[in-house]
Amino acid sequence: MSGNKKVKESAYEQQENRLSAQSSAFIKLLTQRGILGDAEIDDDKIRQAQKEKKRHTYHNTEMLLQHYRDIVWALECFPSTIVEELDRPLDDLDALISYVDVEISLDNRKLESRIESIKKSRLLLDRINDALTI
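When you line the sequence shown up against the numbering used here, it's residues 3 to 136, in that order.
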């Protein structure tokens, strides 16, 4: 009977340890996402700022992943979109690049801004693709 009681206590302790570890992991996850405040930060304003920053970072990442397919599609269609905006049919990628360079040198801010945006998006997508392949 004593051995059976020890087995039950041991099973109970194992279950308690497992639940405690799961609870700690869940609290840590909520803290990392900015849903719960971080008790390790003493100053309330700093804690609130960190919480907001983490929450926004999580939200932005979630939005990026939700729209991943649309972003990839937009980047695939970018050259044809540029051709339409330039009002000039171009069969050759080199000719397109040359014409874009001319437009940028003539201070076409809209085109320049779009190209910078595409560069940033492409960089982010490359990083996401690298992370997903690991």
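Idealized CB from N, CA, C, for every residue including glycine.
- Following the DSSP letters along the chain, one finds His61 inside the alpha helix (DSSP H) bounded by residues 46-68.
- Counting the other CB atoms within 10 Å of its CB gives Val104 a total below 16, which places it among the exposed residues.
- Under the three-state reduction of DSSP output, Asp109 falls in the coil class, being neither helix nor strand.
- Using a C-beta cut-off of 8 Å, the stretch 25-39 makes no contact with the stretch 102-119, since fewer than three inter-stretch Cβ pairs fall below that distance.
- With respect to the 8 Å criterion, Ile130 and Tyr60 are not classified as neighbours on the basis of their beta carbons.
- Here Val74 is actually not in contact with Leu134; their C-beta atoms are around 12 Å apart, not less than 8 Å.
- Annotation for Ala76: no residue places its beta carbon closer than 6 Å to its own, counting only its chain and skipping 5 residues before and after.
- Look at Arg71 here: in three-state DSSP terms it is helix.
- Approximately 5 Å separates the beta-carbon atoms of Glu114 and Ile106; this is inside 8 Å, confirming the contact.
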